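For reference, the structure is listed below as structure tokens.
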Amino acid sequence: MTSKGAGTAFSRKNYRLSTEPEKSKVTGMGLRIHMLCRFSWKHSSAVLLNPAQLSLRVFSATLVSDQVAEGRLGPSTVVLDHTSGFEGLLLVDDDLLGVIGHSNFGSIRATTCVYKGKWIYEVLISSQGLMQIGWCTLNCKFNQEEGVGDTPDSYAYDGNRVRKWNVTTTNYGKSWAAGDIVSCLIDLDEGTIAFCLNGMSLGTAFDNITRGAGMAYFPAISLSFKESVAFNFGSRPLRYPLLEGYFPLQDPPAADLVKAHKLLGYLKNVIHIGIDVTEGKLVEKDTSMWQLQGEPTVLITLAHIFNYFSPLLCKVYLVEDVLMTFLLSILERGGAVEAHPLIQQLLDLMWLLMEEYEVHECLKQLLMSLLRAYRFSPIIPDLGLQIHYLRLTIAVLKHEKSRKYLLSNVLFDVLRSVVFFYIKSPLRVEEAGLQELIPTTWWPNRFTKEGKENKEVKEESAEERLRRRAYERGCQRLKKRIEVVEGLQVQILKLLLNNKDRGGGEASRYIFLNKFRKFLQENSSNRGNLTVLCPPEYMVCFLHRLIAALRFFWDGHKAKSPATVSSEEAYVPPQLFYNGKVDYFDLQRLGGLLSHLKKTLKDDLAAKANVVIDPAELQAVTMDDLDEDEESATSAAQRPSAALAIGGALARPGWLSSPTLGRANRFLSTAAVSLMNPRRPLGALEKIKVRTLSVEQRTEEDIEGSHGNEGLLLGKPPEEPDQPITENSLLEVLDGIIMMYNLSVHQQLGKMVGVSDDVNEYAMALKDTEEKISRCPKRRRDIHEELLKSQKVFSEKLNHLSRRLAWINVTIYSKEKMQDIYWLLRVCIRTIEHGDRTGSLFAFMPEFYLSVAMNSYSALKNYFSPVNSMEELPGYEETLMRLAAILAKHFADSRIVGTDIRDSLMQALASYVCYPHSLRAVERIPEEQRISMMKNLLAPYEQRPWAQTNWILVRLWRGCGFGYRYTRLPHLLKTKPEDASLPSLQKPCPSTLLQRHMADLLSSDRDLAPSFLNSVLNQLNWAFSEFIGMIQEIQQAAERLERNFVDSRQLKVCATCFDLSVSLLRVLEMTVTLAPEIFLDWNRPSSELLLRRLAQLLNQVLNRVTAERNLFDRVVNLRLPGLESVDHYPILVAVTGILVRLSPVGPAQHRRVERATAVLLADPCFQLRSIQYLLGHAEPSALAAAAPATEKRHFSLHTWLSLPLLTAWCLPQQPTSEEDLCPICYAHPISAIFRPCSHKSCKACINQHLMNNKDCFFCKATITGVDDFTKPASS
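What follows is the structure in structure tokens.
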């Protein structure tokens, strides 16, 4: 290192000095005077102590420490006892201060107990779930159901349920949230236990606790699955000041604190005072602009200071209490971080004058302290605490050498750095100061009393307008303050994504890329331990900050290289998915497993992308996958039993729950190593570590490429344009952002909408209550008072929720966040379009690209719409159409093999056609794509999941069918508020354009129509038969005399089968309407058969549904919950629609009507009473025999004379014996014989059988032909 200004050269190891000859030299006397002056405390708050005084101070501190230790038993360093004394499976962090629940209700206590005096410890709440925190004795025995507070000598506070526990439970305290700090106090002199939440006392929880001989209390906790906390017994400064007389369980390092503060005072003096060499006197300097300029005296002085200061800066207590406090004080003067170069100079000093391992430990502890301080600071109106800690984090990361070390070893390996990008949502708005920031509350009245969205634009009153505007102004004030924090968080990411700092090795961006990829892998590979997942609320904030930083660098590169693509047109090129330069771990590809794709498409890779797959690599990959599956299955079976046997401590990445963690190994907790079997197979997390070593070793050249090496863009397909996109490293960041959204961001966006739903529900309740108050009679004062109480409760709850909703709308659902998700949607659409052009190589694309495209659109439509309008986004209509084209093309794409992603595509398309604006987008896609989509929808149902396909066709027809213009079944009353945005509750919006395509396809393709209708009829036969079988079981259960219950799942399946039957009938109605010639034009080979099958099914449905007091009628009259949709109306109007369409009106249609009528009447199942029921005629009953004589018909001779003719006509129609009946249906005479086996049946049965199977119904021989059969005349 070379100094500035003085020409003095020095090295870190020997501090050897060489000065220019003309510079004045400081004499030995001058040096002593200078050091004496510098080490005086004139400019420091401390007092200069001679050695005797210092020894006295240390001795006094030791005496105080010994006095405090009275009343305490156990080691001086207090940690959690992970070896004994607790029940249940728990994961303990390396420092033995953080713990996470890994069982139903695990308990653990500390290693130190107290029996006299006043004591305190803090618990940092990392998750707000079910936990009981407090004190217990050695005799307390816990299990999976009972924990701290459930035994006589244990006492606990539960902020999740807001209760205190000591065998019995009562209300106590306030609810806690993630990021809160609980202080646990015990006064063994008075026999009381109390708790504080974020420094605010909750009052005495327990008094007169058991004391005396043998009674000593341990800090203890019980927590449920995946809940996590971290303890502070005194190893770090307590966050909230000690209450008078209370001491932490672990003594602070008093002697080290005295030394550290004194040495810090010396350091401040060196910075504050300088030597004027020309005049030979000391002068004061501006500390903010101090620089190390190579002055020999200054350097020697600093070397002496750091000789004693360095070992102290490796201790967490001193780093947090001394160093971090000092650095924060430098930034308290305000201004930009760049205006305080002193922190950079101090970091230079540390790297120069401290040993490397000391600097590493100091920086690690400093960042961990900053993270704890940021995460667990209370929210105040101006967010000043969060801003303060973020500014210091930026100042530290601005130092290049420190930044690279922290990136390589700390930020992603030791602590959860994603916390720095999170803005927590306040659970208690009054403590966050939102009442002052948003004094006026308001909520929209968008819903009617029934819960339906009110489409009418209602003029708001002047008072409501003033409230709304005041509320919006408050929201804007909040937004501006949160934007300051977000801007600082983006600055941190800009520092981490810097690719110009190559001064000391690899640039920061490439270190970040490797760590970021490893972070994504751990969060996507959750087979070994579910708790490895980063909380989704952190992921949401991290995603938005990373998008902002990425677009900053992307557009900056565009400004330097105009030929590249702007961030508005960004996409991920398809070669990233198959060239192996980016690791996608075990994530599923569209075409299946990567090893399978490399085998089957290796020729296409070589021909199109010039990527050659080594056969040895294929075999190695296959064997590796096989071994991994076997070993993970073995270890999964072995580890739980081993863990239970050894007491329950398992290895786990400790960064998940504890903000205290300082771990040396990311995958094996040192606290649990001794508890593990010494030799065991590698688990899933260890395998992740081994497999990511190669990813972490990538260099800038591997990513960006050089000298003909294309880096990440190796293997460009010929379909890709030659235009450069951007820097390769930014493409990998973009790919990681899309993966992050798929991992957990989308689910979190859906979860936070619940607050908005709560506001709507309470607003409807308040409106309803106010209406009741206005209608309440004056004489009923009791009712009026109760209504006023309800009104007050609802108003207070709405005031709370509206302020909380303002925070959520600003941090999660703001217009800027909506634009981020929209940008992500457009990136995915362009990426899919580019990948689709590569042909068979499209199969290499990971499934999550299609998932993110569908889910981001769903989020924009369902989660952001109440706050911001999606229609206002730029290019919205075009984006909607391009997404529609993707769904229409790929829902039946043979290159996509995963059943889950195919189902998702089908469901997305089904939802798309339910809404008018998205259905019009489908109609705007190119005609050949529309026709191809309809052809895929008309493919036989047996080849794929058919329920969603049928649903799409039904939605395209809804609004055109007979009696099919309803949104909700007309026989049902609305009993509770419903989500009006659900696809099933949308008004009918049929598409005549797509119906026309369907008609053309069915009419022109003579093979398509029979196969499609055969599958529809088969599924209808199955669905209705299942429905009848289930209602038989339900009826039998209902008729039993003993008390019985019908399984709700059975009722749900029964209703589903009924709905399927109705929807299949509607598709048949649609087909008969659009292409009646399929059934009625008997020039087609399959028309007669299809018509007979249709008539058979219609008659079966009518017979089951129309008879009074039969099975269907009785079950409908039971009115069972879950069977509300099962009624006569929906299924009978569908059948009626088919019958009406089979009887077209007009002279040219007379012949077709006769055919349809003849087939319907000739079916053996036809009953005239069914038609009479449809027409509303009363069914004749047994009582009709007593009709008046005038209505009775008399015998006529004319009728008797016609009987022989009728008998002669009927004889040929009936078989003479049972042997002449078809052995399959026993309804028609034998009329066909099979070749070559010569078995016989009626034509209808064999033709129907041959549509599904070519084997003989009886002997399974392959049928080569069917001939007519006529029974020879008997002799």
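For the sequence shown, the UniProt record's numbering begins at 1 and goes up steadily by one. Glycine included, C-beta positions come from ideal geometry on N, C-alpha and C. Predicted model, so just to flag it, every value in this text is computed and none were measured.
Item to check | Distance between S1048 and R1119 (C-alpha atoms, nearest Å) | outcome: In the sequence shown, counting from the first residue as 1, residue 1119 sits at position 1119. In the sequence shown, counting from the first residue as 1, residue 1048 sits at position 1048. Their backbone Cα atoms lie some 14 Å apart in a straight line.
Item to check | Residues near A908 by beta carbon distance below 7 Å, same chain, minus five either side | outcome: On the sequence shown, position 908 is the one that residue 908 refers to. The residues are M854 and L887.
Item to check | Coarse secondary structure for S103, derived from DSSP in three states | outcome: On the sequence shown, residue 103 is found 103 positions in, with the first residue counted as 1. DSSP places S103 in coil when its eight states are reduced to three.
Checklist entry - If you count every other CB in all the chains shown that lies within 10 Å of the CB of Q386, and 16 or more means buried, which is it? => result Numbered from 1 along the sequence shown, position 386 holds the residue referred to as residue 386. Buried is the call here.
Checklist entry - Count the other CB atoms within 10 Å of the CB of M752; is the residue buried (16 or more) or exposed (fewer)? => result As a first step, residue 752 is located in the sequence shown; it is residue number 752 there, counting from the start. When all chains shown are included, M752 counts as buried.
Next on the checklist: Counting beta carbon pairs with one atom in the region 290-298 and one in the region 237-252, are three or more of them shorter than 8 Å?
Outcome noted: no
Checklist entry - To which residues of the same chain is N728 closer than 7 Å at the C-beta, ignoring the five residues directly before and after it? => result Counted from its first residue, the sequence shown places residue 728 at position 728. The answer, listed in chain order, is I703, E704, G705, G711, L712 and L713.
Item to check | Where the beta strand (DSSP E) through T204 begins and ends | outcome: Here residue 204 refers to the residue found at position 204 of the sequence shown. DSSP places T204 in the uninterrupted beta strand (DSSP E) bounded by M200 to D207.
Item to check | Cβ distance (whole Å) where V867 is taken to contact Y813 below 8 Å | outcome: Here residue 867 corresponds to residue number 867 of the sequence shown, with the count starting at 1. Here residue 813 corresponds to residue number 813 of the sequence shown, with the count starting at 1. Going by Cβ atoms, the distance from V867 to Y813 rounds to 5 Å, so yes, they are a contact pair.
Checklist entry - Skipping 5 residues on each side, what residues in its chain have a beta carbon closer than 8 Å to that of A885? => result Against the sequence shown, residue 885 aligns to sequence position 885. Correct list, in chain order: I925, P926 and Q929.
Item to check | Buried or exposed (CB count within 10 angstroms, at least 16 for buried), M122 | outcome: The residue you call residue 122 lines up with position 122 of the sequence shown. In the sequence on display, residue 122 carries Glu and not Met. Label assigned to E122: buried.
Checklist entry - Near T831, which residues of its chain fall below 7 Å by C-beta distance, leaving aside the five closest residues on each side in sequence? => result Indexing the sequence shown from 1 puts residue 831 at position 831. Y571, V572 and Y849, listed in sequence order.
Checklist entry - From D348 to V92, what does the alpha carbon distance come to, in whole angstroms? => result Within the sequence shown, residue 348 is the residue found at index 348, counting from 1. Within the sequence shown, residue 92 is the residue found at index 92, counting from 1. Straight-line Cα distance between these residues: approximately 36 Å.
Checklist entry - How big is the Cα-Cα spacing for T992 and F421? => result Along the sequence shown, read from residue 1 onward, the residue named residue 992 stands at position 992. Along the sequence shown, read from residue 1 onward, the residue named residue 421 stands at position 421. About 50 Å.
Item to check | Cβ shell of K116 (< 6 Å), same chain only, five flanking positions each side left out | outcome: Counted from its first residue, the sequence shown places residue 116 at position 116. Once the five neighbours on either side are set aside, the close Cβ partners of K116 are G71 and L188.
Next on the checklist: Since G173 and L202 should fall inside the 8 Å C-beta cutoff, what is the C-beta to C-beta distance between them, to a whole number of angstroms?
Outcome noted: For the purposes of this step, residue 173 is taken as the residue at position 173 of the sequence shown. For the purposes of this step, residue 202 is taken as the residue at position 202 of the sequence shown. The Cβ separation is near 4 Å, so the contact holds.
Item to check | Element boundaries [beta strand (DSSP E), containing V827] | outcome: Position 827 of the sequence shown holds residue 827. It is not in any beta strand (DSSP E) - V827 instead sits in the alpha helix (DSSP H) that spans K815 to D836.
Item to check | Residues near A1023 by beta carbon distance below 6 Å, same chain, minus five either side | outcome: One-based indexing of the sequence shown puts residue 1023 at position 1023. The beta carbon of A1023 lies closer than 6 Å to those of C1057, L1060 and S1061 in the same chain, with the five residues before and after it left out.
Checklist entry - Would you report the Cα separation of I209 and A230, rounded to the nearest angstrom? => result Looking up residue 209 in the sequence shown gives position 209. Looking up residue 230 in the sequence shown gives position 230. Spanning the two alpha carbons is a distance of roughly 26 Å.
Next on the checklist: Does V572 come out as helix, strand or coil in the three-state DSSP assignment?
Outcome noted: As a working mapping, residue 572 is identified with position 572 in the sequence shown. Correct three-state label for V572: coil.
Item to check | Per-residue DSSP class, three states only, for W165 | outcome: As a working mapping, residue 165 is identified with position 165 in the sequence shown. Here W165 sits in strand by DSSP.
Checklist entry - Based on the DSSP output, what are the partners of S131 in its beta bridges? => result Start at 1 with the first residue of the sequence shown, and residue 131 comes out as number 131. This sequence places Met at residue 131; Ser is not what is there. DSSP lists L223 as partners of M131.
Checklist entry - Taking 8 Å as the line, does the beta carbon of L938 fall inside it for any heavy atom of the ligand FAD? => result Of the ligands one can find in the structure shown there are none, so the ligand FAD has no counterpart to examine.
Checklist entry - Whole beta strand (DSSP E) runs in the UniProt region "Disordered" (699-722) with 3 or more residues, listed along the chain? => result none
Checklist entry - Buried or exposed: which applies to F1258, given that a residue is buried once 16 or more other Cβ atoms fall within 10 Å of its Cβ? => result In the sequence shown, counting from the first residue as 1, residue 1258 sits at position 1258. Counting Cβ neighbours within 10 Å, F1258 comes out exposed, since fewer than 16 surround it.
Item to check | Option nearest S1003 by Cα separation, candidates N950, E338 and K935 | outcome: Numbered from 1 along the sequence shown, position 1003 holds the residue referred to as residue 1003. Looking at the Cα atoms, K935 is the closest of the given residues.
Next on the checklist: Just to confirm my understanding: we take H340, look at its own chain, exclude 5 residues before and 5 after, and list those with CB closer than 8 Å. What are they?
Outcome noted: Taking the sequence shown and counting its residues from 1, the one referred to as residue 340 is at position 340. Excluding residues within five positions, the ones whose Cβ falls inside 8 Å are S288, I330, L331, R333 and A395.
Item to check | Of the listed residues I1138, Q1035, L1097 and Y538, nearest to D1163 (C-alpha basis) | outcome: Within the sequence shown, the letter at position 1163 stands for residue 1163. Nearest option by C-alpha distance: L1097.
Checklist entry - Hey, how far is the Cα of W443 from the Cα of S1025? => result The residue labelled residue 443 in the question sits at position 443 within the sequence shown. The residue labelled residue 1025 in the question sits at position 1025 within the sequence shown. Straight-line Cα distance between these residues: approximately 51 Å.
Item to check | CA nearest to the CA of G839, picked from D893, D1007, T899 and L824 | outcome: In the sequence shown, counting from the first residue as 1, residue 839 sits at position 839. The residue with the shortest Cα to Cα distance from G839 is D893.
Next on the checklist: On the DSSP letters alone, give me the boundaries of the alpha helix (DSSP H) that G1265 sits inside.
Outcome noted: Sequence index remark: in the sequence shown, residue 1265 carries index 1265 (1-based). G1265 -> not in any alpha helix (DSSP H); beta strand (DSSP E) instead, spanning G1265 to D1268.
Checklist entry - For F1027, which residues from the same chain have a beta carbon less than 7 Å from its beta carbon, with the 5 sequence-adjacent residues on both sides left out? => result As a working note, residue 1027 is residue 1027 in the sequence shown. Same-chain partners within the cutoff: C1054, C1057, F1058 and S1061.
Checklist entry - In terms of DSSP beta bridges, what is T170 paired with? => result Locating residue 170 in the sequence shown gives position 170, where the first residue counts as 1. K164, per the DSSP bridge assignment.
Checklist entry - With contact counted as at least three CB pairs below 8 Å, one residue from each stretch, are the region 237-247 and the region 148-166 in contact? => result no
Next on the checklist: Looking at the strands, I want to know which residues DSSP matches up with F1234.
Outcome noted: Residue numbering aside, residue 1234 sits at position 1234 when the sequence shown is read from its first letter. For F1234, which the question treats as bridged, DSSP gives the partners V1266.
Checklist entry - Which term fits P717, buried or exposed, when burial requires 16 or more other beta carbons within 10 angstroms of its beta carbon? => result In the sequence shown, residue 717 corresponds to position 717, counting from 1. Counting Cβ neighbours within 10 Å, P717 comes out buried, since at least 16 surround it.
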